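Student: If you use this note's numbering, the first sequence closes out at 708, no skipped numbers anywhere. Using N, Cα and C, we set each Cβ at its ideal position, and we do this for glycine too. Quick caveat, the model's predicted, so the values are computed rather than measured.
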Amino acid sequence: MAFWKPGTEKPSFVEDEEGGIVLMSNNLSSSSSSSYGYANIEKQRQRLPVYKYRTEILYLVENHATTIIVGETGSGKTTQIPQFLKEAGWAEGGRVIACTQPRRLAVQSVSARVAEEMGVNLGDEVGYTIRFEDHTTSGVTSVKFLTDGVLIREMMEDPLLTKYSVIMVDEAHERSISTDILLGLLKKIQRRRPELRLIISSATIEAKAMFNFFNTSKNRQAPEGSTQGPKLEPAILSVEGRGFSVKIHYVEEPVSDYIRSVVSTILLINEREPPGDVLVFLTGQDDIETSIKLLAEEAHSNQKNSSGLLPLPLYSGLSRAEQELIFTPTPRGKRKVILSTNIAETSLTLEGVVYVIDSGFSKQKFYNPISDIESLVVAPISKASARQRSGRAGRVRPGKCYRLYTEDYFLKQMPGEGIPEMQRSNLVSTVIQLKALGIDNILGFDWPSPPSPQAMIRALEVLYSLQILDDDAKLTSPTGFQVAELPLDPMISKMILASNELGCSDEIITIAAVLSIQSVWVIARGVQKEQDEAKLRFAAAEGDHITFLNVYKGFLESKKSSQWCYKNFLNYQSMKKVVEIRDQLKRIARRLGITLKSCEGDIDAVRKAVTAGFFANACRLEPHSNGVFKTIRGSEEVYIHPSSVLFRVNPKWVVYQSIVSTERQYMRNVVTINPSWLTEAAPHFYQNRQNNMSL
DNA sequence: TGGGGATTT
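1. For Gln597 and Asp171, I'd like the C-alpha separation in whole angstroms.
2. Give the range of the alpha helix (DSSP H) segment to which Lys643 is assigned.
3. When you compare only the Cα positions, how much space is there between Glu514 and Tyr669?
4. Which whole runs of the alpha helix (DSSP H) in the stretch 294-372 are 4 residues long or more, in chain order?
5. Which term fits Lys548, buried or exposed, when burial requires 16 or more other beta carbons within 10 angstroms of its beta carbon?
6. If you count every other CB in all the chains shown that lies within 10 Å of the CB of Val540, and 16 or more means buried, which is it?
7. Would you call the CB atoms of Leu159 and Thr113 closer than 7 Å?
8. Just to check, is the beta-carbon of Pro326 closer than 6 Å to a non-hydrogen atom of the ligand ATP?
9. In terms of residues, what are the limits of the alpha helix (DSSP H) holding Arg400?
10. Taking only the alpha-carbon atoms, compute the straight-line gap between Leu135 and Glu335 and give it to the nearest angstrom.
11. Given a cut-off of 7 Å, decide if Asn228 and Pro247 are closer than it, judged by their beta-carbon atoms.
12. Since Leu12 and Asp161 should fall inside the 8 Å C-beta cutoff, what is the C-beta to C-beta distance between them, to a whole number of angstroms?
13. Looking only at DSSP bridge pairs, what is Gln377 linked to?
14. For Tyr679, name the three-state secondary structure that DSSP assigns.
15. Which residues share a DSSP beta bridge with Gln114?
16. Using a Cβ distance threshold of 8 Å, determine whether the stretch 369-381 contacts the stretch 413-421, with at least three qualifying pairs required.
17. Which same chain residues end up closer than 7 Å to Arg333 when comparing Cβ atoms and leaving out the 5 residues on each side of it in sequence?
18. Apart from the five residues just before and just after Ile202, which ones in its own chain have a Cβ nearer than 7 Å to its Cβ?
19. With burial defined as no fewer than 16 other Cβ atoms inside 10 Å of the residue's Cβ, what is the status of Glu520: buried or exposed?
20. How many angstroms separate the CA atom of Val709 from the CA atom of Ile143?
21. Going by other Cβ atoms of all chains shown within 10 Å of its Cβ, with 16 needed for buried, is Asn53 buried or exposed?
22. Tell me the rounded alpha-carbon separation between Gly606 and Ala497.
23. So, are the CB atoms of Asn439 and Glu364 less than 7 Å apart?
24. So does the stretch 577-592 actually touch the stretch 459-469, counting three or more Cβ pairs closer than 8 Å?
25. State yes or no: is the C-beta of Thr296 within less than 7 Å of the C-beta of Val391?
26. Evaluate Ser648 with the Cβ neighbour count: other Cβ atoms within 10 Å of its Cβ, from every protein chain shown; 16 or more gives buried, anything less gives exposed.
27. Sort Val293, Lys99, Lys231 by Cα distance to Leu352 and report the nearest one.
28. Less than 7 Å between the beta carbons of Met680 and Ile645, yes or no?
29. Could you tell me the alpha carbon to alpha carbon distance between Leu41 and Gln93, rounded to whole angstroms?
30. Assess contact between the stretch 97-111 and the stretch 58-72, defined as three or more Cβ pairs (one per stretch) separated by less than 8 Å. Is contact present?
31. Quick one: is Gln576 buried, meaning 16 or more other Cβ sit within 10 Å of its Cβ, or exposed?
32. Using a 10 Å radius around the Cβ and a threshold of 16 neighbouring Cβ atoms, would you call Val276 buried or exposed?
33. Just the Cα atoms here: how many angstroms apart are Phe582 and Ala694?
34. Run through DSSP, which three-state label would Met181 get?
35. Three or more C-beta pairs closer than 8 Å, one from the stretch 420-437 and one from the stretch 476-491: is that the case here?
36. Would His558 be called buried (16 or more neighbouring beta carbons within 10 Å of its own) or exposed?
Shown next, in the form of structure tokens:
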């Protein structure tokens, strides 16, 4: 096979006027296939658009420290580029080629595909690592897929990631917190390891930002004309996708009720358009259920328009079985209508979709560093999201996308790209990860998109109050270093450390595992009463944390039965995850010198340990107020979440794990405390609060 | 006094 090797004639490029390198995309010769087995797979590989760019990609990677690949979906970049690199010798001498993904599922499926294409067993030459699953063989695995979170963890053992020769960061345009941290760290590593090559794969819209971020050629002078090391200026290469065209329809006038508009658009499609499934993007479960109800009513009153419609909800909270309904083939004469949250935008790919309806909204997290509260609000999506959504209609054949906003709005008002998650989040976990990697100057860290100084200062302040950071904002010893080892929110980690002294680490590690997943309960709309009754079987007067202990105990006694979970409105997948996380925490705790010890029913010890982690989230019931609480820290008005076992109970003093902010601010996972424990757990915080708050 | 967009270590 022909690919570029140093010293041979190089392929032709043009220099972009702004400094990047852009490839002439026409007249590229595709190389002939080898006659080595796997003829079918080899043919499939060659049909991928990225295959034509093989020579060019290898040339750019050879000559540039950073190569930005702009690849549409279906270009084949994720599966092919690591193979090109391997074939070109980047894995020789025991070196490893890494490819990161934001999601676990993508890591698993992509690595399985690549192992198949290479004709090797997954876990040998091609392997993958995600939390709880390491399918690699040291010294053998040379192409490794992993989540970006795992790669950040690996830096704690090997800060320069010395075993990797090339690191490809896939889906960088999604701008998740982990990806952004990783990009910042990789830029730092590049300075110390000029031989390391980075490949950043991004959508068009973010490519320029990535170029600017990695363009260090202005700051550092590479000797002109020297053959030493790669060019510091990134290269940009565009690879076309393999999607079909999607015709975009806009509404002529702004829509006042997008749910009604969704329903009428579905009926219109069903009446006028040839067969093909419909994918609708809505904001959340509420919207989805309302739309399904309206469709059902429509079917009742108007059989002609809605005949053959098969509405299916899709969001992450659904059980495995409910989600699988989406993937069953559409029965003949039927038309699936999948009503989805933005889970279908990136995380799930649905085959058979020909029509997309885009409400123009999604729920997004925002963070207020003043109140230290994250809230989830319905907000307009970005152009980048709108394009991603419409692209979902062109996977099997040319499709149509109905945007429920005007073209004028799209062109003139819709923001180009979303706000990176980093700028919409509480940063305590981010800060602790960087501190653990020895990065002292958090405020001066070179981020792809820096968060606000207020948010960073708030995170430093919280970590200081937890005695994880000292006066110089360095990790304390041993607390800070121990917290950094635990893959948890620092408040949960602090709770675990406290449990060692309080003699209840066995119980607290269970609670920590439950608090670190979304929820153990299934979402049971329409059967709330039954679920509330089921919850009462586990409910503890002290609150949710103690209730979780009862749930876990019941799960073990049932021999981890899925039937038992179903009967008790518990999410079986979540419970299995709790067991897994608990095992991991147990191992790490042992390494930190924490021995598993049960308090044998001494619930006060457990609540004190919780308080030691979550003292900053203390609240007092307002007298005669019917359930209004005030936070001690900021006097914010908050309520107990209806999912809590303490809902309507309203004890006088509580600490909460987190706040969900909808119409009201609701505390999730609440436990009763004795206020004297607050000063015991955090005298520095409660006796000298004025000083602390102005850190 | 009634409710969790999506990820991940």
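Tutor: Inspection of the coordinates gives the following:
1. In the first sequence, the residue the question calls residue 597 occupies position 584. In the first sequence, the residue the question calls residue 171 occupies position 158. Whole-angstrom Cα-Cα distance: 21 Å.
2. Taking the first sequence and counting its residues from 1, the one referred to as residue 643 is at position 630. Premise fails: Lys643 lies in the beta strand (DSSP E), 642-644, not in any alpha helix (DSSP H).
3. Looking up residue 514 in the first sequence gives position 501. Looking up residue 669 in the first sequence gives position 656. Between Glu514 and Tyr669, the C-alpha separation is close to 22 Å.
4. Taken in chain order, the complete alpha helix (DSSP H) segments of 4 or more residues contained in the stretch 294-372 are 298-314, 316-319, 333-337, 356-359.
5. By 1-based counting over the first sequence, the position of residue 548 is 535. A residue is called buried once 16 or more other Cβ atoms fall within 10 Å of its Cβ, and Lys548 is buried on that count.
6. Here the question's residue 540 lines up with position 527 in the first sequence. Answer is exposed; the Cβ neighbour count stays below 16.
7. As a working note, residue 159 is residue 146 in the first sequence. As a working note, residue 113 is residue 100 in the first sequence. Taking 7 Å as the Cβ cut-off, Leu159 and Thr113 qualify as a contacting pair.
8. With respect to the ligand ATP, the structure shown offers nothing to examine, as it has no ligands at all.
9. Counting from 1 along the first sequence, the entry for residue 400 is found at position 387. 396-404 is the span of the alpha helix (DSSP H), which, as asked, contains Arg400.
10. As a first step, residue 135 must be located in the first sequence, where it is residue number 122. As a first step, residue 335 must be located in the first sequence, where it is residue number 322. As the crow flies, the alpha-carbon of Leu135 is around 30 Å from that of Glu335.
11. Locating residue 247 in the first sequence gives position 234, counting from the first residue. Locating residue 228 in the first sequence gives position 215, counting from the first residue. In this structure, Asn228 lies closer than 7 Å to Pro247 by Cβ.
12. A question about residue 12 goes unanswered here, because the residues of the chain that appear run from 14 up to 708.
13. Along the first sequence, one-based indexing puts residue 377 at 364. Its beta-bridge partners are Val390.
14. Taking the first residue of the first sequence as position 1, residue 679 is located at position 666. Strand at Tyr679.
15. By one-based count along the first sequence, residue 114 stands at place 101. Its beta-bridge partners are Thr160.
16. yes
17. Translated into positions along the first sequence, residue 333 becomes position 320. Same-chain partners within the cutoff: Gln586.
18. Indexing the first sequence from 1 puts residue 202 at position 189. Once the five neighbours on either side are set aside, the close Cβ partners of Ile202 are Leu173, Leu174, Leu209.
19. By 1-based counting over the first sequence, the position of residue 520 is 507. Buried, because 16 or more other Cβ atoms sit within 10 Å of the Cβ of Glu520.
20. There is simply no residue 709 to check, as the chain begins at 14 and stops at 708 in what is shown.
21. Within the first sequence, numbered from 1, the residue matching residue 53 stands at position 40. Classification for Asn53: exposed.
22. Indexing the first sequence from 1 puts residue 606 at position 593. Indexing the first sequence from 1 puts residue 497 at position 484. Going by the C-alpha atoms only, they are around 15 Å apart.
23. In the first sequence, residue 439 corresponds to position 426, counting from 1. In the first sequence, residue 364 corresponds to position 351, counting from 1. Not in contact: Asn439 and Glu364 (Cβ atoms no closer than 7 Å).
24. no
25. Numbered from its first residue, the first sequence carries residue 296 at position 283. Numbered from its first residue, the first sequence carries residue 391 at position 378. Taking 7 Å as the Cβ cut-off, Thr296 and Val391 qualify as a contacting pair.
26. Translated into the one-based positions of the first sequence, residue 648 becomes position 635. Under this definition Ser648 is an exposed residue.
27. Numbered from 1 along the first sequence, position 339 holds the residue referred to as residue 352. The residue with the shortest Cα to Cα distance from Leu352 is Val293.
28. Here residue 680 refers to the residue found at position 667 of the first sequence. Here residue 645 refers to the residue found at position 632 of the first sequence. Not in contact: Met680 and Ile645 (Cβ atoms no closer than 7 Å).
29. As a position in the first sequence, residue 41 is number 28, starting the count at 1. As a position in the first sequence, residue 93 is number 80, starting the count at 1. A caution first: Leu41 carries a pLDDT of 31, below 50, which makes its placement in the model unreliable, though a value can still be read off. Cα to Cα, Leu41 sits roughly 17 Å from Gln93.
30. yes
31. Start at 1 with the first residue of the first sequence, and residue 576 comes out as number 563. Gln576 counts as exposed, since fewer than 16 other beta carbons sit within 10 angstroms of its beta carbon.
32. As a working note, residue 276 is residue 263 in the first sequence. Its Cβ being crowded by 16 or more others within 10 Å, Val276 is buried.
33. For the purposes of this step, residue 582 is identified with residue 569 of the first sequence, where counting begins at 1. For the purposes of this step, residue 694 is identified with residue 681 of the first sequence, where counting begins at 1. Rounded to whole angstroms, Phe582 to Ala694 spans 35 Å at the Cα level.
34. For the purposes of this step, residue 181 is taken as the residue at position 168 of the first sequence. DSSP places Met181 in strand when its eight states are reduced to three.
35. Contact between the stretch 420-437 and the stretch 476-491 is absent, because fewer than three Cβ pairs lie under 8 Å.
36. The residue given as residue 558 occupies position 545 in the first sequence. So His558 ends up on the buried side.
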